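In the order they appear, the protein sequences are chains Y and V.
One gets my numbering by counting positions in the first sequence from 1 and adding 159 to each.
One gets my numbering by counting positions in the second sequence from 1 and adding 159 to each.
C-beta atoms are modelled at their ideal positions from N, C-alpha and C, and glycine is treated no differently.
Note that this is a predicted model, so its numbers are computed, not measured.
First up is the structure itself, then whatever we jot down about it.
2 protein chains.
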Amino acid sequence: MQRETLGHHISRQFNEELEDIRNRVLAMGGLVEQQLRNAIDSLVQDNSELADDVMTTDYKVNALEVSIDEECVQILARRQPAASDLRLIIAVIKTITDLERIGDEAERVAQKALQLSKVSGIKMPKSSLQHLGEHVLQMMHDALDAFARMDVETAYKVWREDRKVDDEYESIMRQLMTYMMEDARAIPHILEIIWAVRALERIGDRAGNICEYVIYLVKGKDVRHTTAEQMEREVMGHLRRDD
Amino acid sequence: MQRETLGHHISRQFNEELEDIRNRVLAMGGLVEQQLRNAIDSLVQDNSELADDVMTTDYKVNALEVSIDEECVQILARRQPAASDLRLIIAVIKTITDLERIGDEAERVAQKALQLSKVSGIKMPKSSLQHLGEHVLQMMHDALDAFARMDVETAYKVWREDRKVDDEYESIMRQLMTYMMEDARAIPHILEIIWAVRALERIGDRAGNICEYVIYLVKGKDVRHTTAEQMEREVMGHLRRDD
Chain Y
160 MQRETLGHHI SRQFNEELED IRNRVLAMGG LVEQQLRNAI DSLVQDNSEL
210 ADDVMTTDYK VNALEVSIDE ECVQILARRQ PAASDLRLII AVIKTITDLE
260 RIGDEAERVA QKALQLSKVS GIKMPKSSLQ HLGEHVLQMM HDALDAFARM
310 DVETAYKVWR EDRKVDDEYE SIMRQLMTYM MEDARAIPHI LEIIWAVRAL
360 ERIGDRAGNI CEYVIYLVKG KDVRHTTAEQ MEREVMGHLR RDD
Chain V
160 MQRETLGHHI SRQFNEELED IRNRVLAMGG LVEQQLRNAI DSLVQDNSEL
210 ADDVMTTDYK VNALEVSIDE ECVQILARRQ PAASDLRLII AVIKTITDLE
260 RIGDEAERVA QKALQLSKVS GIKMPKSSLQ HLGEHVLQMM HDALDAFARM
310 DVETAYKVWR EDRKVDDEYE SIMRQLMTYM MEDARAIPHI LEIIWAVRAL
360 ERIGDRAGNI CEYVIYLVKG KDVRHTTAEQ MEREVMGHLR RDD
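As structure tokens, this is what we get:
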């Protein structure tokens, strides 16, 4: 009996640890989301204070990454998790890497916003930039939501969104190329905008990565490097089994 | 005695598994290195066959990533490794992610080489491109070498190289910007070169990541997000302890 009580106790404690780690990933995600929000606003509203803010909170995200990573390794060493618990830890280790890199991309956008705020008269496709920014912000938000609720259907939907982001990206790039051809003196500044747009597009890719980890976590199957059709079969197979 | 023999047997088998996984990482690294070699050559020698080759071997790298990842999870579940064995598995999981992304960047370079091979008369700073390419190729090679020999001193040296790569990158970018300002019609093509240069620069970053994992593996300390001074103290501390 005593051993059983101990077992229950340990298992409750372990569950609390896993819950804690999930919450910390979501807290890190919330922080990166705020960074991205500020980075987009700093770019389209030409607000250098917001841009500064993104750049000075970067260390918080980095510290969270290192500390969650450390916690995962501790759990692996002490708890020797198996099956879905093990997959959770692996998914967390990968997710926080992508979150941290999304933070880096947000910082890049803010940096470009700062540089652009120093010059005037730059032609900038603000509404398209805003739209792309909101799109990847939503993707990132939904990817974290899918992670929180272990929701493969949402994960799959978000993953598919990335194609639309790529189309938006291509369209903005064409526009910026025209601006460069029209006014050679603006080229260095438009290149700054191009880097910001590229960073936003990469954030969409990384939100897609997080969705792949969610599907791996729930389904126990690695869906990286699969086509949309294979991915859909995987996810739909899951839905059928649940219905 | 019997139990001891069994223990030895299991431990020998486990060591073989770890050795096998290290060898597979190195094999994957060798494949990506070859891809990068071909991508660089395809760009500076205007060789579209080589570029095609890079793009068609991509699936091999992806398959290796998924399979090594799976092997790591199996080992975590079955062997419940601790201390340095656990760190090795974590380092492998992270290293193969970066290797796969280096493969993606090499593919990007090859794609740009293919697009550029279709137009003639494009001004391209070939010798600078070649130099940057060789530099990141060497970094990647040395990072894998440091991984193979668990050599933190080499890892640190390679990690420091990334600054020089960044300087080379900046210098090529300035050159390409001048080309764009001189000839507006060449802008779309020069942008292709810019994406290739950017991909090479990112490979330097990723080689640096691998070096951080090697230091983590050997020293048991996470050195991401640290300054060069902190990193040096860590590595030199290690060297002193070894002397």
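- Within 10 angstroms of the beta-carbon of V:Asn368 lie 16 or more other beta-carbons, which makes it buried.
- Between Y:Glu229 and chain V, the shortest Cβ-Cβ separation is below 8 Å.
- V:Arg361 has a beta carbon lying at 8 Å or more from every beta carbon in chain Y.
- Using a CB distance below 9 Å, the part of the segment 382-394 of chain Y facing chain V consists of Arg383, His384, ordered along the chain.
- The three-state reading of DSSP puts Y:Thr256 in helix, counting H, G and I together.
- Per the C-alpha coordinates, the member of Y:Arg267, Y:Glu327, Y:Leu258, Y:Ala307 positioned closest to Y:Gln289 is Y:Glu327.
- The CB of V:Pro284 never comes closer than 8 Å to any CB in chain Y; the least such distance is about 16 Å.
- Contact annotation: the segment 207-224 of chain V does not touch the segment 232-246 of chain V, with fewer than three C-beta pairs closer than 8 Å.
- If you draw a straight line from the Cα of Y:Asp263 to the Cα of V:His168, it comes to about 46 Å.
- Using a Cβ-Cβ cut-off of 8 Å, V:Leu177 does not count as an interface residue toward chain Y, since no Cβ of chain Y sits closer than that to its own.
- For V:Leu235, at least one C-beta of chain Y is nearer than 8 Å to its own C-beta.
- About 5 Å separates the Cβ atoms of Y:Ala366 and Y:Met299, confirming a contact at the 8 Å cut-off.
- With fewer than 16 other CB atoms across the displayed protein chains lying within 10 angstroms of its CB, V:Glu341 is exposed.
- Taking CB atoms only, Y:Val232 has a neighbour in chain V less than 8 Å away.
- Y:Val324 is a Cβ neighbour of Y:Val295, given a cutoff of 8 Å.
- If you check the CB distance, Y:Ala358 and Y:Arg260 do not come in under 8 Å.
- Residue-level contact by beta carbon holds for Y:Gln239 and chain V, with a gap shorter than 8 Å.
- Taking Y:Leu291 as reference, the option from Y:Arg344, Y:Met187, Y:Asp200, Y:Gln193 with the minimal CA-CA separation is Y:Asp200.
- Per DSSP, the continuous alpha helix (DSSP H) segment holding Y:Arg322 begins and ends at 311-341.
- With a threshold of 16 other beta carbon atoms within 10 Å, Y:Thr164 falls short and is exposed.
- For V:His290, the three-state secondary structure derived from DSSP is helix.
- With its beta carbon at least 8 Å from every one in chain V, Y:Ile374 lies outside the interface.
- Y:Leu223 has a beta carbon lying at 8 Å or more from every beta carbon in chain V.
- Look at Y:Ala343: its C-beta is under 8 Å from a C-beta on chain V.
- Look at V:Ile369 here: in three-state DSSP terms it is helix.
- Counting C-beta atoms within 10 angstroms of its own C-beta, Y:Val278 has fewer than 16 neighbours from the protein chains shown and is therefore classed as exposed.
- In the DSSP assignment, Y:Ala236 falls within the alpha helix (DSSP H) that extends over 207-238.
- Leaving aside the five residues that flank Y:Ile227 on each side, the residues in its chain whose CB is nearer than 8 Å to its CB run, in chain order, Ile180, Arg183, Val184, Met187, Val251, Ile255.
- By the beta-carbon neighbour count (other beta carbons within 10 angstroms, threshold 16), Y:Lys271 is buried.
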